[in-house]
Amino acid sequence: MNVAAQVRAQIQQLVADGLNRARAAGELSLGRDVAPAEIQVERPKDRAHGDWATNAAMVLAREARTAPRQIAEAVVRHLDPQGTLVERAEVAGPGFINFFLKEEWLAAVLRGILAAGPDYGKVDVGRGQRVLVEFVSANPTGPLNVVSARHATVGDVLAEVLEWAGFSVDREFYVNDAGNQVRMLGAAMDVRVRQLLGEDAELPEGAYPGEYLIDIAREYIAQYGAHDRPQGPPPWVGAAEVQPADGDNDDEEPAAPSRKWRHDPVYEAWLDRLARFAVERIVEGQKAVLRQYRVEFDRWFHESEVRAAGGPEAVVERLRQAGHAYEADGAVWLRSTAFGDDKDRVLVKRDGNFTYIVPDVAYHVNKFERGYHHLINLLGRDHYGYHVRLKAALAALGFNPDALEIIYLQMVHLVRGGQEVRMSKRRGEFVTMADFLKEVSVDAARWFFLMRSTDSELDFDLDLANLQTSDNPVYYVQYAHARICSIFRQAKAAGFAVEGAGPGARCGGSVAGPGGELLRKLAGSPDAGGRAGARRGPHRLTRYAHEVASGFHSFYTHCRVLGEDAGLSAARLALCAATRQVLANALAIMGINAPEEM
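Each residue of the sequence shown is one higher than the one before, counting from 36 in this note's numbering.
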């Protein structure tokens, strides 16, 4: 058990014992004993409020029918901190109990960090439970963009944080390589092929306008030629305009009139070949840029796999058998209102095609069947509300809907020179992730994408991200790590025993003043990682790392590390070693380099 966890457990036990003694003495009218696990213990933001604090008195006030402050005062009277790291406790405000610890706890923190090394900060709350984090999952119809980069960062770091918390985590990318978007990709490829062959061809309505398809079409011609291209006009030329009926579109919302292509099996086979070729090349590009971005997936799962295995048909049949699917107006509907949705949802449209949700439900059934205890999906804000119908379908199939968690990420705005850089995928003009990484380092990109919570829109300041000064937060943190490495090089050159900066090092001279404040920040590493995972907020790691770096820079400014007092120098070197380890661990979780020189 790390020192912070040990202290928390001691305080929980102290408070529970104090409450139960006060009850036994007739000072509290609680009708039961309180267990230590019920006591919430947190670190106060203000150091003047102690090292740890609890609001247990306020939580129990209603049950005890007693004012919170009166409960807190009774607890403090009955505290017995003997044999613990607690020095004293004080009642504050409406009923908080603030705990002040003995200085020896800081020495224990220091020794604990140096002993644990790269494992410091790890906890085992997950106990090996299997978690699948699905993220990015961009359509295979174009290159990844900067929004994908944010998803990649948050998903990858969240998975890493959960691994540090003791969960068994897999990362997965879902490739939507089936459905109408792939058909439209094939249509766009057909136009680009014909244009390269000198024909006058225009993109049909809804086809992808990006010029990246010109290069892929050129590659297709070079590899396969175009001799098997069907002759005559494509099936969308002269297509009639049709108005979709209720339940005929995937999102089940009113849609604008569309074009009904004429049925041409030869042309459809040609479009499918083009689409498959394009999907393969686009996914290769997505994998390459994600690899450059230090994101590796355990599996790329294709929608075509789900369809080939009969997953969608099995889902609809299971829902029918369970009595949760019914027919109306020529379509098959899910009775999702019985499971918390605001309306029933179409499963099979009038034309016999599945709506988007059916293969998606089949995919999630597959996830559960692979033995995962918890599923986490990262989606864009344009999908907001989708979780309601997805959870309803899973509940109808007998799965625990609470085992699925969906995190919605807000938009990204690139800012240069104080002005927003406009992006528009609809016009085919957007900033690709690959181009973005030519301008911004991977380290800076990952840090900046993590700085804001997932429910906040992000203004990415390109100018700030490229600054090589302390104004740039990632530079500021990396510089703290590099500065410590420099101190150790100087210490070694000056003949100091740097190997003494280990678990057995003298600690006493490092726990007072700025050194003590820095140690208090280092003690928070397990909590920072734990909160980042439990609250799905990896942005907390950037805040914590910056606080540690700030604490170190302050310590270095006020305390001479290498001085005439060999013992004091050894103690301060030990503190430097612990700080370097905590920074390196935090940066490693975030997938950011910890440079030794800058």
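The C-beta atom is built at its ideal place from N, Cα and C for all residues, glycine as well.
In three-state DSSP terms, what is residue i?
i: L238; result: coil
i: V351; result: helix
i: W271; result: coil
i: S203; result: strand
i: Q616; result: helix
i: R462; result: Residue placement at R462 is poorly supported in this model, since its pLDDT is 48, which falls under 50; the coordinates are not used for a value here.
i: F587; result: helix
i: H581; result: helix
i: A694; result: Any property of residue 694 remains undetermined from this structure, which presents the chain solely from 36 to 633.
i: E632; result: coil
i: P573; result: coil
i: E287; result: Low confidence applies here, because E287 scores a pLDDT of 48, under 50, leaving its location unreliable and the question unanswered by this model.
i: Q48; result: helix
i: S476; result: coil
i: R595; result: coil
i: V341; result: helix
i: A261; result: coil
i: E319; result: helix
i: R651; result: Outside the shown range of the chain, which is 36 to 633, sits residue 651, and nothing can be said about it.
i: Q445; result: coil
i: G602; result: helix
i: I251; result: helix
i: Y421; result: helix
i: L232; result: coil
i: G564; result: helix
i: G626; result: coil
i: G53; result: helix
i: Y243; result: coil
i: E138; result: coil
i: Q41; result: helix
i: A621; result: helix
For residue i, which beta-bridge partners are listed by DSSP?
i: E440; result: I411
i: E125; result: N133
i: W296; result: Paired residues: none, contrary to the question.
i: A336; result: Sequence check: residue 336 is Phe here, not Ala. DSSP lists Y209 as partners of F336.
i: E455; result: V450
i: T467; result: N180
Any Cβ of chain D within less than 7 Å of the Cβ of residue i?
i: R253; result: No chain D appears in this structure, which consists of one protein chain only.
Would you mind giving the Cβ-Cβ distance between residue i and residue j, rounded to the nearest angstrom? I have them listed as a contact below 8 Å.
i: R253; j: L231; result: 6 Å
i: D379; j: R370; result: 6 Å
i: R104; j: V126; result: 6 Å
i: V181; j: L449; result: 6 Å
i: A427; j: F483; result: Actually they are not in contact, since the Cβ atoms of A427 and F483 sit about 37 Å apart, beyond 8 Å.
i: V42; j: L120; result: 6 Å
i: Y579; j: A623; result: Not a contact, Cβ separation roughly 14 Å.
i: R311; j: P270; result: Between P270 and R311 the Cβ distance is about 18 Å, and since that is not below 8 Å, they are no contact.
i: N37; j: P561; result: 5 Å
Does the ligand ADP have even one heavy atom less than 6 Å from the beta-carbon of residue i?
i: D506; result: The ligand content of the structure shown is nil, which means the ligand ADP is not present either.
Counting only runs that start and end within the region 348 to 418, where is the alpha helix (DSSP H) found for 4 or more residues in a row?
392 to 404
Contact the region 200 to 212 vs the region 322 to 337: 3+ CB pairs below 8 Å:
yes
Just list the alpha helix (DSSP H) runs in the region 483 to 559, keeping only unbroken ones of 4 residues or longer that don't cross its boundaries, in chain order.
Listed in chain order, the complete alpha helix (DSSP H) runs (minimum 4 residues) inside the region 483 to 559 are 497 to 500, 508 to 528, 548 to 558.
Check whether the region 219 to 239 and the region 496 to 508 are in contact - that is, three or more C-beta pairs closer than 8 Å.
no
Evaluate the contact criterion for the region 238 to 249 versus the region 357 to 364: three or more CB pairs, one atom per stretch, below 8 Å.
no
Could you tell me whether the region 192 to 205 touches the region 562 to 577, where touching means 3 or more Cβ pairs closer than 8 Å?
Contact between the region 192 to 205 and the region 562 to 577 is present, because at least three Cβ pairs lie under 8 Å.
contact_flag[the region 160 to 169, the region 409 to 417] where n(CB pairs < 8 Å) is 3 or more:
yes
Is the region 579 to 597 close to the region 493 to 502, with three or more CB pairs under 8 Å?
no
Would you mind listing the beta strand (DSSP E) stretches within the region 140 to 226 that are 3+ residues and don't spill past its ends, in chain order?
165 to 169, 203 to 210
Runs of beta strand (DSSP E) wholly within the region 59 to 130 (minimum 3 residues, chain order)
Listed in chain order, the beta strand (DSSP E) elements of length 3 or more contained wholly in the region 59 to 130 are 87 to 89, 121 to 127.
Inter-stretch contact at 8 Å, needing at least 3 Cβ pairs: the region 48 to 58 / the region 104 to 121
yes
Please determine if the region 606 to 617 and the region 548 to 567 are in contact, where contact requires at least 3 C-beta pairs separated by less than 8 Å.
yes
Flag this pair as touching only if the region 625 to 633 and the region 510 to 519 have three or more C-beta atom pairs under 8 Å; answer yes or no.
In this structure the region 625 to 633 lies against the region 510 to 519, because at least three pairs of beta carbons, one per stretch, are closer than 8 Å.
Please confirm if the region 420 to 434 is in contact with the region 339 to 358, defined as three or more CB-CB distances below 8 Å between the two stretches.
yes
Check whether the region 482 to 490 touches the region 432 to 446, taking contact to mean three or more Cβ pairs, one atom from each stretch, closer than 8 Å.
yes
Inspect the CB distances between the region 138 to 145 and the region 87 to 102 and report whether three or more fall short of 8 Å.
Because the criterion of three Cβ pairs below 8 Å is not met, the region 138 to 145 and the region 87 to 102 do not touch.
Mind the definition here: the region 340 to 347 touches the region 385 to 402 only if three or more C-beta pairs lie below 8 Å; say whether that holds.
yes
Spell out a yes or no on whether the region 467 to 477 and the region 417 to 424 are touching, meaning 3 or more CB-CB pairs, one atom from each, closer than 8 Å.
These segments do not touch.
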